[in-house]
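So for the sequence shown, the numbering used here puts the first residue at 25; every next one is plus one. Have a look at the structure below before the remarks.
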Amino acid sequence: MRWLFLLLAGCAPVFLGADTLPVSQRYGLVLPEAKLIARLEEGPVEITEFYFEPQSGYRPRSVAEIRRLGELLQGQLQARGFVFRCERYNLLLGEAYWVLRMQRGSEGVGLYLRALERPDAYRLEVALTAPQPPLFQCPPR
25 MRWLFLLLAG CAPVFLGADT LPVSQRYGLV LPEAKLIARL EEGPVEITEF
75 YFEPQSGYRP RSVAEIRRLG ELLQGQLQAR GFVFRCERYN LLLGEAYWVL
125 RMQRGSEGVG LYLRALERPD AYRLEVALTA PQPPLFQCPP R
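Next up, the structure:
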């Protein structure tokens, strides 16, 4: 029984606690150790700007690690029954972003994560979308 608990605990992408920042109320997404800069809604889009302190273990150490941060959010959506539809990213300096589309039944969600000019700062947009993205495209909304 103890092994089953350890196995299940190892699959949990994030532990909720005092050091988590909710980045989507609609989908229950959180980021550990992130600090809030700003939060707003533009219609159906939840926008959160946040940063990581330099000592944070979740802070991307390179532009390429932005994708790893996005995969943490993807894991949370998968745990809620969403399935992968498409992904697109550009990890070039100055234009770093990551887009993900997922679906659960007739409900779709799009995530758009990009680096801000401020060091270790990011903007995440989470939006309700059509369940199927356009063929051969992966727009965030």
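All residues carry an ideal CB built from backbone N, CA and C; glycine is no exception.
Which runs of the beta strand (DSSP E) fall wholly inside the stretch 78-140 and span at least 3 residues, in chain order? Taking 3 residues as the minimum length, the beta strand (DSSP E) runs contained wholly in the stretch 78-140 are 107-114, 121-128, 131-139, in order along the chain.
Nearest CA to the CA of V133: which residue from F74, E149, V87, L140? In this structure, E149 is the residue among F74, E149, V87, L140 with its C-alpha nearest to the C-alpha of V133.
Suppose you measure from the CA of V54 to the CA of L101; what does that come to, to the nearest Å? Straight-line Cα distance between these residues: approximately 11 Å.
F74 and L60 closer than 8 Å at C-beta: In contact: F74 and L60 (Cβ atoms closer than 8 Å).
So, helix, strand or coil for A154, using DSSP? The three-state reading of DSSP puts A154 in coil, since its state is none of H, G, I, E or B.
What are the start and end residues of the beta strand (DSSP E) that includes L56? The sequence given here has Pro at residue 56, not Leu. The continuous beta strand (DSSP E) containing P56 extends over residues 53-56.
What does DSSP give as the partner residue(s) for F74 in the beta ladder? Its beta-bridge partners are L60, Y146.
From L124, P78, S48, V47, pick the residue whose C-alpha is nearest to that of I142; which is it? The question names Ile, yet the displayed sequence has Arg at residue 142. Of L124, P78, S48, V47, the residue nearest in Cα terms is P78.
Compare the beta carbon distance of L140 and Y146 with 8 Å and say whether it is the shorter of the two. Against a cut-off of 8 Å, the Cβ pair of Y146 and L140 comes out as a contact.
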